[in-house]
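The numbering of the sequence shown is our numbering, which starts it at 80 and goes up by one. Note that CB positions come from ideal geometry on N, CA and C, so glycine has one too. Note that the structure is predicted; figures quoted are calculated from it, not measured.
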Amino acid sequence: MPSSLATDLPDDDGAERGPRGIQSIEVGGQLLLALAHHGRPLPLKDLAREAGMSPAKAHPYLVSFQKIGLVEQEAEGGRYGLGALALQMGLIGLQQYDPVRLATPLIEELALETGLTVAIAVWGNRGPTLVRIAEAPSPVHVSMRHGTVMSLRDTASGRLFAAWLPQAQWQPLLAWEAEPVSAKDLVPILAAVRAEGLARVDGTAVPGVGAIAVPVRDGSGQVVLALTAIGPSAKVDLGLDGPLVGLLRARAASLSQRLGYRADQAAKA
Numbered sequence: 080m081p082s083s084l085a086t087d088l089p090d091d092d093g094a095e096r097g098p099r100g101i102q103s104i105e106v107g108g109q110l111l112l113a114l115a116h117h118g119r120p121l122p123l124k125d126l127a128r129e130a131g132m133s134p135a136k137a138h139p140y141l142v143s144f145q146k147i148g149l150v151e152q153e154a155e156g157g158r159y160g161l162g163a164l165a166l167q168m169g170l171i172g173l174q175q176y177d178p179v180r181l182a183t184p185l186i187e188e189l190a191l192e193t194g195l196t197v198a199i200a201v202w203g204n205r206g207p208t209l210v211r212i213a214e215a216p217s218p219v220h221v222s223m224r225h226g227t228v229m230s231l232r233d234t235a236s237g238r239l240f241a242a243w244l245p246q247a248q249w250q251p252l253l254a255w256e257a258e259p260v261s262a263k264d265l266v267p268i269l270a271a272v273r274a275e276g277l278a279r280v281d282g283t284a285v286p287g288v289g290a291i292a293v294p295v296r297d298g299s300g301q302v303v304l305a306l307t308a309i310g311p312s313a314k315v316d317l318g319l320d321g322p323l324v325g326l327l328r329a330r331a332a333s334l335s336q337r338l339g340y341r342a343d344q345a346a347k348a
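Spelled out as structure tokens, the structure:
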């Protein structure tokens, strides 16, 4: 009979518990999770405490991790930090993550959960551009399709990108707006977006249609895409403390974390 490290065999009581792993790896992995969470080297005592074990139990794991490059120990002070192999694995993992690919199933779920149309916008050569659209069960009667370029002034996606991109990058694109607008006109609007951490519009692009856009960031803190919920004004709760904003923020934060973004480190910068 073929053998494997993880099998779907029943437990002694006959109940199938799912794949079995190697417990010692899972236990030792708590040390790596603690180092990743703190983002800095830690003394043995503190690291062991964060991993929920004694220093005597943690030390053999750290010795093994050092041998394969997952952990390094400082020559002075003896603190433990992530090693070269761990850093290489992290970089390779980030390279494998395509933000749009990761976000695509997410917007399908959000459309069903909220009853709104949810879109992914990225920054293109003419500004914020829709690259994926998940239609609501009752579609919004707005002209949106893949490749649509969104207004910088009037749409939530446009305001979101303009708020965090250098002005020199988006100011020339104001010439494409349907009506004349200057960068000075956008200053208070974009300041509000940065203060709130998202962009909200109601009827500015299309009367009777509201939208909320939240940023998704990569490991460097750059906004790589906008998650935008769009629907009839009566159905789009624009309240900052409302359930829709809370849901969008949570999903964007989870996606940003998968792309290597750490909000705690950004706050310290």
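A direct Cα-Cα distance of roughly 46 Å separates Ala130 from Ala247. Considering only Gly206, Thr193, Leu209, the residue with the shortest C-alpha distance to Pro216 is Thr193. Nearest neighbour of Gly287 by Cα position, chosen from Gly321, Pro311, Leu269, Gly300, turns out to be Pro311. Contact between the region 270-282 and the region 292-300 is present: three or more C-beta pairs spanning the two stretches fall below 8 Å. When secondary structure is reduced to three states using DSSP, Arg330 falls in the helix class.
Leu304 is positioned such that its CB atom lies closer than 8 Å to that of Pro178. Apart from the 5 residues on each side of it in sequence, Gly160 sits with its Cβ closer than 6 Å to the Cβ of Pro120, Glu151 in its chain, given in chain order. The residue from Pro122, Gly148, Thr283, Ala137 with its alpha-carbon nearest to that of Glu155 is Pro122. When rounded, the separation of the alpha-carbon atoms in Gly107 and Pro267 is 50 Å. Between Thr307 and Ala198, the gap from beta carbon to beta carbon is short of 8 Å. Annotation: Val228 is outside any alpha helix (DSSP H) and is labelled neither H nor E by DSSP. At the C-beta level, Ala262 and Leu253 come within 8 Å of one another. If you look at Trp202, you'll find it in the beta strand (DSSP E) that goes 196-203. Here Gly298 has Leu173, Leu338, Gly339, Tyr340 as same chain residues with Cβ atoms under 7 Å from its own Cβ, once five neighbours each way along the sequence are excluded. Taking the C-beta atoms as reference points, Ser230 is found no nearer than 8 Å to Glu214. With contacts defined by Cβ atoms closer than 8 Å, Met223 and Leu239 do not form a contacting pair. Apart from the 5 residues on each side of it in sequence, Leu166 has no Cβ closer than 6 Å to any other Cβ in its chain. Note on Arg205: under 16 other CB atoms within 10 angstroms of its CB, so exposed under the neighbour-count rule.
In this structure Ser236 is buried. Its beta-carbon is surrounded by 16 or more other beta-carbon atoms within 10 angstroms. Between the alpha carbons of Gly100 and Ala332 lies a distance of about 29 Å.
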